[in-house]
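Enquirer:
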Amino acid sequence: MRLTNVTAHTLSSPIDPPQDRHFAGGVRRLLKRDFVLVVVETADGEVGVAPGGASSSAMREYFEGASQDDFASVIEEVVAPEVTGDPIEDPAEIHERIAAAGLPEMLESQAVSVVDVAYHDILGKRRGIPVYDLLADGDVTTRMPLYASAGMYMPPEGYADQAAAIRDRGFKGYKYRPGLGYDDDLRTIRLIREAVGDDMEIMVDAHTWWKMGDASYSFDELVDLVTEMEAFDPYWLEEPVPPADYDAYRDLAAEVEVTLAGGESEESPEGLVELAETGAVGFLQGDVRHHRGYTGCWEVVEHCRGTDVTFLPHNFGTNLGLVANAHLAAATPLEGYLEYPVFGDDVAGMYPFPLAEEILVDDIDIEDGYFEVPDGPGLGVEVDFDAVEEYPHIDGPWTEFLDEDEVE
Ligand SMILES: [Mg+2]
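Heads up: the sequence shown begins at 801 in my numbering, then just goes up one per residue.
1) For the alpha helix (DSSP H) containing ALA1126, name the first residue and the last one.
2) In angstroms with no decimal places, state the Cα-to-Cα distance between ALA1148 and GLU1001.
3) Compute the beta-carbon to beta-carbon distance between ASP916 and TYR1049, rounded to the nearest angstrom, for a pair I have assumed lies under 8 Å.
4) On the three-state DSSP scale, how would you describe GLY979?
5) Quick one: Cα of GLY997 to Cα of ARG969, how far?
6) Taking DSSP as the reference, what is the three-state secondary structure of HIS809?
7) Excluding sequence positions up to five away, which residues of its chain have a Cβ less than 7 Å from the Cβ of ALA965?
8) Can you give the Cα-Cα distance for PRO1043 and ARG833, rounded to whole angstroms?
9) How close, in whole Å, do the beta carbons of HIS1114 and VAL1073 come, if the pair is a contact with beta carbons under 8 Å?
10) From LEU1112 to GLU1077, what distance separates their C-alpha atoms?
11) In the structure shown, what three-state DSSP assignment does MET906 receive?
12) Under 6 Å, CB to any heavy atom of ligand 1. Which residues pass, going along the chain?
13) Grab me the residues of GLY1178's own chain with a C-beta within less than 8 Å of its C-beta, minus the 5 sequence neighbours each way, in chain order.
14) Apply the 10 Å Cβ neighbour rule to VAL1101 and answer buried if 16 or more other Cβ atoms are within range, or exposed otherwise.
15) Within 10 angstroms of the Cβ of THR988, are there 16 or more other Cβ atoms? Answer buried if so, exposed if not.
16) Touch check for the region 1054 to 1069 and the region 1033 to 1040: three-plus C-beta pairs under 8 Å?
17) Measure the CB-CB distance between LEU1160 and VAL1183 and report whether it falls below 8 Å.
18) If you scan the region 924 to 964 from start to end, which runs of the beta strand (DSSP E) of 3 or more residues do you find wholly inside it?
19) Looking only at its own chain, which residues have a Cβ that is under 6 Å from the Cβ of ASP1045, when we skip the five neighbours before and after it?
20) Run through the DSSP bridge pairs and tell me what MET1003 is partnered with.
21) If you draw a straight line from the alpha carbon of THR804 to that of ALA1080, how long is it in whole angstroms?
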C-alpha cells in the first residue's frame, strides 16, 4: 500500500460555560475537549481515518507545554514524510519508518497508532471486511456490553444520582473518578452501591489520587480506604498509584482484594507488557490510539492470552475512538465490559462534548447497554468532515488546575 497523504485536523468542542469541579486537592476547571482526526490517503485514492489520543492532558502532563495541536503538527511535519512515498508492505513497517524520526517514546507510540489504525481502515475497505476480521479469523464478539464512564468530582450524592440514571439507561457498569478526600470517597461508593443495588458493576478510576498535591493519600491511607471501599464490591480499581510505579502496584495488590486495572498511561506496548508482568493488575487497559494501533495492541493481546491478565481496551473520547477500540475488543477473548464515556448536560452526562457524536455521520448502535460493532468494511463508519469546520481548534489547555482561593 502506497500512502500519499497524511493530514491531521485539530478540533475543539467547547464546554460553555466552563465547569469548575472541586476535589480534595483544589479545583479543576474544564474548558473544552480537543480531538485530532487523522486522514490517510493512498495512491489508489483510498481514504482511511483514525482518532488521535483522548485529550490534551496526556500531552501536557508528559510533554511540558505540548498540546493536541502540536501532536497534529508532528503528524503532518515529521510522520507524514516517513510513511508516504515508498509502499508499506506490512503494518509493522509503519513503526520501523516512524522510529527513524527519533520521537520521544510516547509521542512515537501515539504517532504510529494513528497511521496504523488508518492503515487498517483502508486494508479492511480494500478487502471488504471489518477490521476485527483482519485481526481475528472468525472468532469474534461483535455485541459487547458497555460500562458507562462518567463521574468526575462532585458531591457524593451527585455520583449516586448519576449512577442511578446510567443504570436506568441500561448500562451494566458505572465508572467514576473519586478524589474528594478519604471520608467523602468512602461515602461516595456507599451511596452509589445503595443507589444501583447489587446488579450493576462499579468501576473506580482513581486517576487523580496521585495528583492531589498536599491532599494526596499516603500509601497506608490508600490501603485503608480501599479496604473499606471493598465492602461495596467495586469491580476494579483503576490507576490507584502513579502509572510507572510498578512497585507501588505490587505493594498495593499485596494488601487489597479488589482487582487492579491500569495501562492507559503506558508509553508503549512494551510498557503494557511490563505492567502485566508485575502480576498486580487483572485488567490491562491498552488503547489503539496510544499503543501503536492494532499492531502494537495485538502483540499485548497475544501476550495476555492464557494468563490471569485480561486485555480490555481503554476508551475515552469520541465515538470514532469507541469504534476503533471496539474492533480490537471484538477480536480479543473478551471478558468484561468496554468503556463508553457518557457526555451531555443531563444527570447521566459527564460534561457536554457534542463533537464526540458529531464526528460520525451515523449514530452508533447502543441498546440496553450493549454495543454492536459496525460490520462494514474497515472501521465501518463514516466521518462527518463538516465537523472539521464546525469545531475549529481553540488554543490553550482543555483543563486547568486551580487553588480553592482562586475560584469564586
Ligand atoms: Mg482511566
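For each residue, glycine too, the CB sits at the ideal point set by N, CA and C. Here the structure is a predicted model, which is why all the values come from computation and not from measurement.
Expert: Let me spell this out:
1) 1119 to 1131
2) 16 Å
3) In this structure ASP916 does not touch TYR1049 by the C-beta definition: roughly 28 Å separates them, more than the 8 Å allowed.
4) coil
5) 15 Å
6) strand
7) VAL1147, ALA1148
8) Distance between the alpha carbons of PRO1043 and ARG833 is about 23 Å.
9) Approximately 16 Å separates the beta-carbon atoms of HIS1114 and VAL1073; this is outside 8 Å, ruling out the contact.
10) 16 Å
11) helix
12) ASP1005, HIS1007, GLU1038, GLU1039, GLU1064
13) These residues qualify, in order along the chain: GLY848, HIS920, ASP921, ILE922, LEU923, GLY924, LYS925, PRO930, VAL931.
14) buried
15) buried
16) Contact annotation: the region 1054 to 1069 touches the region 1033 to 1040, with at least three C-beta pairs closer than 8 Å.
17) Yes. Within cutoff.
18) 943 to 952
19) Sequence-distant partners of ASP1045 (beyond 5 residues in either direction) whose C-beta falls short of 6 Å from its own C-beta are missing from its chain.
20) LYS975, TRP1036
21) 44 Å
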